[in-house]
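Protein chains in written order, with the working numbering: chain A, 1 to 161; chain B, 1 to 151.
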């Protein structure tokens, strides 16, 4: 690329002044450009474009207990292999497919605006299952839900089915 | 003859170099470095659109194997909570039982701290449940779960 030929310009100084002037303007930028492209590759490779998103959860303070009428309580139970059961109050739990969950939640909340959803996830279930359920709740616009531990008694109810 | 050969080699790279520098400036200015990770975490995906806050974040990381790590983004705070030797570490492995004490300590040092849970998608829910239980007991009733945006 462009470079200053020092020896040549020195040798030809006598011949023509014009030529030496033209050569002297040239600066060797090869190294600079190399470094610039090196940095460019580095920044392209290391930059992370997508910032992680977050999901907000509000838990009630430890001591408080909320009394809810049975008819207003929708319980979702999620087993360790991601089978979802739902029931209202003390009804018998029924299975529901994950893809129908959003529609189901929207319908139930439209039918009863005071509905509170209680999500019980099995301890052995995967974290992503819980996130998926919460995501569906958020999409369905259900803002009032709570998480509760899945107790042995819950498991027994599901086993009986 | 030799001179014409030399001129044949010349290529006008000005435009390319210009674009190169433009891109370079762009990437230098927009880049934010990925914070160092304690363990490899594959985040779950969700449709939630809240952004993770930039500063004052306390991260509880739960690995695939159920190990729990606690990290804060400020070096000074890290030093205060865990001791000088952990100043440059992104996170420290903690026990569930000692988590409550450390969380309280961190919150006293910086009341503005936001708590986030960052967990691998294949981690057992039981571990997360225990962590959330600890959070609730230490009066952290508002926290965030870190997820990737689902496409």
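Quick reminder that beta carbons are idealized off the backbone N, C-alpha and C, glycines included.
Does any CB atom of chain B fall closer than 7 Å to the CB of residue i?
i, result
"residue 40 (chain A)", "yes"
"residue 123 (chain A)", "yes"
"residue 44 (chain A)", "yes"
"residue 83 (chain A)", "no"
"residue 12 (chain A)", "Unreliable positioning characterises residue 12 (chain A) in this predicted model, as indicated by a pLDDT of 45, which lies under 50. The coordinate reading is nonetheless provided below. No, its Cβ sits nowhere closer than 7 Å to a Cβ of chain B."
"residue 59 (chain A)", "yes"
"residue 153 (chain A)", "no"
"residue 5 (chain A)", "At residue 5 (chain A), the pLDDT of 49 sits below 50, so the modelled position is not reliable and the matter cannot be decided from this model."
"residue 28 (chain A)", "no"
"residue 135 (chain A)", "yes"
"residue 8 (chain A)", "Low local confidence applies: a pLDDT of 46 at residue 8 (chain A) is under 50, so the model's placement there is unreliable, with the coordinate-based value given in what follows. Answer no: the Cβ-Cβ gap between residue 8 (chain A) and chain B never drops below 7 Å."
So which residues of chain A does residue i contact, with C-beta pairs closer than 9 Å?
i, result
"residue 40 (chain B)", "In chain order: nothing, as chain A lies at least about 15 Å away."
"residue 18 (chain B)", "Neighbours of residue 18 (chain B) on chain A: none; closest Cβ ~10 Å, over 9 Å."
Please check the pair residue i and residue j, which I expect to be a contact at CB under 8 Å, by giving their CB distance rounded to whole angstroms.
i, j, result
"residue 52 (chain A)", "residue 52 (chain B)", "5 Å"
"residue 117 (chain A)", "residue 144 (chain A)", "7 Å"
"residue 94 (chain B)", "residue 86 (chain B)", "In fact, because the Cβ distance is near 11 Å, the residues do not count as touching under 8 Å."
"residue 45 (chain A)", "residue 23 (chain B)", "Wrong, their Cβ atoms sit about 13 Å apart, outside the cutoff."
"residue 85 (chain A)", "residue 94 (chain A)", "6 Å"
"residue 80 (chain B)", "residue 109 (chain B)", "5 Å"
Quick one: list the residues of chain B neighbouring residue i, beta-carbon separation under 7 Å, in chain order.
i, result
"residue 139 (chain A)", "47"
"residue 47 (chain A)", "27, 30 and 31"
At which residues does the beta strand (DSSP E) containing residue i begin and terminate?
i, result
"residue 57 (chain B)", "57 to 62"
"residue 75 (chain A)", "73 to 78"
"residue 145 (chain A)", "145 to 149"
"residue 96 (chain B)", "Unbroken run through residue 96 (chain B) is the alpha helix (DSSP H), 96 to 109; no beta strand (DSSP E)."
"residue 55 (chain A)", "53 to 58"
"residue 94 (chain A)", "94 to 96"
"residue 85 (chain A)", "84 to 88"
"residue 147 (chain B)", "142 to 149"
For chain A, find out if any of its Cβ atoms is closer than 7 Å to the Cβ of residue i; answer yes or no.
i, result
"residue 91 (chain B)", "no"
"residue 1 (chain B)", "With a pLDDT of only 49 at residue 1 (chain B), under 50, the local geometry of the prediction cannot be trusted, and the value read off the model is given with reservation. No, its Cβ sits nowhere closer than 7 Å to a Cβ of chain A."
"residue 212 (chain B)", "Not covered by the structure: residue 212 (chain B). The range shown for chain B is 1 to 151."
"residue 111 (chain B)", "no"
"residue 99 (chain B)", "no"
"residue 29 (chain B)", "no"
"residue 70 (chain B)", "no"
"residue 163 (chain B)", "Since the first and last residues shown for chain B are 1 and 151, residue 163 (chain B) lies out of range."
"residue 108 (chain B)", "no"
"residue 154 (chain B)", "It is not possible to answer for residue 154 (chain B), since the shown part of chain B is limited to 1 through 151."
"residue 24 (chain B)", "yes"
Would you mind telling me which residues of chain A sit closer than 7 Å to residue i, beta carbon to beta carbon, in chain order?
i, result
"residue 77 (chain B)", "In chain order: nothing, as chain A lies at least about 20 Å away."
"residue 87 (chain B)", "Result: empty, since nearest Cβ-Cβ is about 23 Å, beyond 7 Å."
Grab the span of the alpha helix (DSSP H) containing residue i for me, first residue to last.
i, result
"residue 66 (chain B)", "Counting along the chain, residue 66 (chain B) falls outside any alpha helix (DSSP H), and DSSP gives it neither H nor E."
"residue 130 (chain B)", "125 to 137"
"residue 118 (chain A)", "No alpha helix (DSSP H) contains residue 118 (chain A), which is instead part of the beta strand (DSSP E) from 116 to 121."
"residue 139 (chain A)", "127 to 139"
"residue 35 (chain A)", "30 to 46"
"residue 112 (chain A)", "Neither: residue 112 (chain A) is in no alpha helix (DSSP H) and is coded neither H nor E."
"residue 117 (chain B)", "First-last for residue 117 (chain B): 114 to 119, but that is the beta strand (DSSP E), not the alpha helix (DSSP H)."
Note down, in chain order, each residue of its chain lying with its Cβ closer than 7 Å to the Cβ of residue i, except the 5 sequence neighbours on either side.
i, result
"residue 80 (chain A)", "122, 124 and 125"
"residue 150 (chain A)", "77, 120, 121, 122 and 123"
"residue 89 (chain A)", "70, 71 and 73"
"residue 14 (chain B)", "none"
"residue 143 (chain B)", "115, 116, 117 and 135"
Kindly say whether residue i, judged by its beta-carbon, lies nearer than 7 Å to any beta-carbon of chain E.
i, result
"residue 56 (chain A)", "Absent here is chain E; the protein component of the structure consists of chains A and B."
Excluding sequence positions up to five away, which residues of its chain have a Cβ less than 6 Å from the Cβ of residue i?
i, result
"residue 141 (chain B)", "none"
"residue 123 (chain B)", "62 and 64"
"residue 96 (chain B)", "130"
Could you tell me which chain B residues have their CB closer than 8 Å to the CB of residue i, listed as they occur along the chain?
i, result
"residue 126 (chain A)", "121, 122, 123, 124 and 125"
Quick one: what's got a C-beta closer than 8 Å to residue i's C-beta in the same chain, skipping five residues either side?
i, result
"residue 131 (chain A)", "55"
"residue 17 (chain B)", "none"
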